[in-house]
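Structure, as structure tokens:
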Amino acid sequence: MQLGSRLAARMAWIECRLYKIENFLCSLSLMVMLLMIFLSVCVRYFNLPLPNVSEWALVAMAPLTFVGAAMCTKLGQHIAVDFVHQSRSMALRKCAHLLVSLLLLLFSGIYTWLGLMLLDDAISSGETMIDLGTPVAIPVFCYFLGMLLMSIHALCQLIRAATFNALPDLATTGRE
Numbered sequence: 011m012q013l014g015s016r017l018a019a020r021m022a023w024i025e026c027r028l029y030k031i032e033n034f035l036c037s038l039s040l041m042v043m044l045l046m047i048f049l050s051v052c053v054r055y056f057n058l059p060l061p062n063v064s065e066w067a068l069v070a071m072a073p074l075t076f077v078g079a080a081m082c083t084k085l086g087q088h089i090a091v092d093f094v095h096q097s098r099s100m101a102l103r104k105c106a107h108l109l110v111s112l113l114l115l116l117f118s119g120i121y122t123w124l125g126l127m128l129l130d131d132a133i134s135s136g137e138t139m140i141d142l143g144t145p146v147a148i149p150v151f152c153y154f155l156g157m158l159l160m161s162i163h164a165l166c167q168l169i170r171a172a173t174f175n176a177l178p179d180l181a182t183t184g185r186e
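Those letters in the sequence shown? Residues 11 to 186, by the working numbering.
Put into structure tokens, the structure is as follows:
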């Protein structure tokens, strides 16, 4: 087995495991959001003496948004330029894929670093939300985690683009 194909197989294995974790986190977030919104509506409708739990629904949106963005990166659903995908030139498609992968890695790397700085500030300040005192560091951590996962997927995508082991499905359909 060639080094490139071994690397591609290892990257695919890692990305598959990460995707399963991301899928679980997003599913859990959605369930928490739905449950908290339902509970919040019941508390208001029946005038129950319980605190407003809609704050937890807001916090649950963070992993759904940012980890979900990482999932979109893995699936190749984050960006699409139709004229490149429909190009007859394989060289143009490969160059465009390489450029998009490089820019995505740059974008996600910068936002991972910014997320780490924001997380450090959120932890050191100890700031909490108003209703239930939920630490602000929780949704900020989800932002950091999502950008870190996006960076990992972008790096794998860049390596695939550089070694031409695989292009996204949309880029390989059409005429050769």
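Even glycine gets a Cβ: it sits at the ideal position worked out from N, Cα and C.
Name the one or two DSSP bridge partners that proline 145 has.
Thr138
Sequence-distant residues of its chain with Cβ nearer than 7 Å to leucine 168 (five each side left out):
Ser111, Leu112, Leu115
Contained alpha helix (DSSP H) runs [length at least 4] in the region 16–58, N- to C-terminal order:
none
From the DSSP output, in three-state form, read off glutamine 87 for me.
coil
As assigned by DSSP and simplified to three states, the class of leucine 60
coil
Could you say if the region 119–133 and the region 44–53 meet the contact criterion of at least three C-beta pairs nearer than 8 Å?
no
I'd like to know if the region 76–90 and the region 146–156 are in contact, where contact means that at least 3 CB-CB pairs between them fall below 8 Å.
yes
Suppose the cutoff is 7 Å on Cβ atoms and the five residues either side in sequence are ignored; what does the same chain contact list for tyrosine 29 look like?
Met81, Lys84
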